[in-house]
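Some notes on the structure that comes next.
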Amino acid sequence: MIDDDLLTIVREQRSKVRMTTPVEQVIGRGRALRARRRLPGLAAGALAAAGAAALAVTALLPAGHQAGRPLPAQLAAWTVTQRAGGTIYVTVRQLRDAAGLQRRLRADGVPASVTFFGREPRACQPYPADRAVVGKVFGGHGPPLVIHPAALPSGAGVQLNPGHYAPGAPIALAFGLVRASSGCTGP
Amino acid sequence: MGVGTKRPDFADFYRRSKDECLFTVLVSVGDQDTAQDLVAEAFARAWASWRTVSRHPAPTAWVVRTALNAHISRWRRSRREIPLADPGAIADRPMAGEAPGGPVDPRLMAALMRLPDRQRQVVALRLFLDLDTGRTAAALGIAPGTVQAHLGRAIAALRADLVPERQREIPS
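Read top to bottom, the protein sequences are chains A and B. Letter by letter, the first sequence follows residues 1 to 187 of my numbering. Letter by letter, the second sequence follows residues 1 to 172 of my numbering.
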């Protein structure tokens, strides 16, 4: 059932990947986890935190797909439209030409890092922002993705990546804030 | 098996399965550093619960599932997502300049990303972790026949994406 050509391709790729974390480091972390599990107070605290995170997710997830704006006739892989007031609308139809999308966003004044395949730039670090700030930068319940550049905090940029876990959509567009730097969001 | 123990030795399990677990997680999350962090954390959790995990029918599947669950949690805490305007229309190939710094062929990554979730899970367990149909079915909580059906469809799709190009590279 599994043909040899395909297996060869998969196994060639698999043999290129090496996990470099020493077993001692893994066991050390495992000991810490086990010790923490034995402290009931901490365990309860962790559960409370997990509950809060779940609530946050519920609040952040879009309630449904909005009727939305009419799509432009040209079905490019992505479309960026800047409207009065500087608000930017990004519609991504295919995970294609990340570099072009990144250039376009930067040209429109958004410090941006866009990666559709492969590694995110190592220089990209999460920007510590609460939900309120993130909600001001990214509006609506897209698609399209709405970006309000004026709401970007000083020193923050935008990161776009493929996401995998949106309900009902195997591939989604994930977005968040990162620390702006030349290696991540451009000069 | 560890000497003098009834259960498999954790260090031996880690040595034998860490690379295939990393590969399996990598093709799901797309970033090697993230994948390595997730897999290391999953193995640490496996060590902390080794009495249970060592008796799991497929401990490698447990590690992969734990790593991917952690990834979902991590991602959801820090990011938001919207569906693609056309979720079925994933790019045929990464553009030039989008080749990853990581080791996995971007064509394989793209082909895997086009698969529905369940087909990708079956491929991961059957092809990447080399689990048999029964263990794959047990790990995913589905019937063995369903595993076969998903695998057949996934292989047909992957083969259409990957194999013809490769065959063209072989000199006649």
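In this text, a Cβ means the ideal position worked out from N, Cα and C, and glycines have one as well.
Annotation: A/Arg37 to B/Ala48 spans about 9 Å, alpha carbon to alpha carbon. Taking C-beta atoms under 8 Å as the contact rule, B/Leu22 and B/Val104 fail to qualify, at a distance of about 10 Å. Neighbours of B/Gln36 in chain A, taken as residues at a C-beta separation under 8 Å, are given in chain order as Met19, Thr20 and Thr21. Three or more beta-carbon pairs drawn from the region 133 to 142 of chain B and the region 44 to 62 of chain B are found closer than 8 Å, and the two stretches are therefore classed as touching.
Spatial neighbours of A/Leu101 in its own chain (CB-CB distance under 6 Å, excluding positions within 5 residues in sequence) are listed in chain order as Trp78 and Val114. Beta-bridge annotation (DSSP): A/Ser113 is paired with A/Gln159.
When C-alpha distances from B/Arg159 are compared across B/Thr133, B/Gly134, B/Leu115 and B/Ala143, the shortest belongs to B/Leu115. Under the Cβ distance rule, A/Asp5 counts among the residues neighbouring chain B, one pair being separated by less than 8 Å. Bounds of the beta strand (DSSP E) holding A/Val92 are Ile88 to Val92. As computed with DSSP, A/Thr81 is found in a beta bridge with A/Tyr89. Nearest in C-alpha terms to B/Asp161, of all of B/Pro106, B/Phe128 and B/Ala42, is B/Pro106.
Interface criterion met: the Cβ of A/Gln13 is under 8 Å from a Cβ in chain B. Of the residues A/Phe117, A/Asp130, A/Asn161 and A/Gln125, the one whose Cα lies closest to the Cα of A/Leu145 is A/Asn161. Among the residues facing chain A, B/Trp47 is included, as its CB has a counterpart in that chain under 8 Å away. With fewer than 16 other Cβ atoms from the protein chains shown falling within 10 Å of its own Cβ, A/Gln25 counts as exposed.
Ranked by how close their Cα comes to the Cα of A/Ala180, the residues A/Cys124, A/Ala174, A/Asp5 and A/Pro128 have A/Cys124 in first place. From the beta-carbon of B/Val122, no residue of chain A is found nearer than 7 Å; the closest lies around 11 Å away. A residue is called buried once 16 or more other Cβ atoms fall within 10 Å of its Cβ, and B/Thr52, having fewer, is exposed.
Below the 7 Å Cβ cutoff, chain B contributes Ala44, Arg45 and Ala48 as neighbours of A/Leu33, in chain order. Residue pairing for A/Leu33: DSSP places it in no beta bridge. Rounded to the nearest whole angstrom, the C-alpha separation of A/Arg104 and A/Arg131 is 26 Å.
Counting along the chain, A/Leu95 sits inside no beta strand (DSSP E), nor does DSSP assign it H or E at all. Look at A/Ile147: its C-beta is not under 8 Å from any C-beta on chain B. Between A/Gly30 and chain B, the shortest Cβ-Cβ separation is below 8 Å. Taking 8 Å as the CB threshold, B/Val163 lines the interface with chain A. Against chain A, the beta carbon of B/Val39 has neighbours under 7 Å at Met19, listed in chain order. Our two residues, A/Leu6 and B/Gln36, have alpha carbons roughly 25 Å apart in a direct line. The DSSP-derived three-state label of A/Pro22 is coil.
Spanning the alpha carbons of B/Phe13 and A/Pro22 requires a straight line of approximately 13 Å. In the structure shown, A/Val133 falls within a helical segment according to DSSP collapsed to helix, strand and coil. Beyond the five residues adjoining it in sequence on each side, A/Val90 comes within less than 7 Å, by CB distance, of Trp78, Val80, Pro144, Leu145 and Ile147 in the same chain, given in chain order. Neighbours of A/Arg37 across chain B, judged by C-beta separation under 8 Å: Ala48. When Cβ-Cβ separations below 8 Å define contact, B/Asp19 makes contact with chain A. Remark: C-beta atoms of B/Arg120 and B/Leu112 approach each other more closely than 8 Å. Using beta-carbon distances, A/Val26 counts as an interface residue toward chain B, with a partner under 8 Å. In the three-state reduction of the DSSP assignment, B/Ile142 falls in the coil class.
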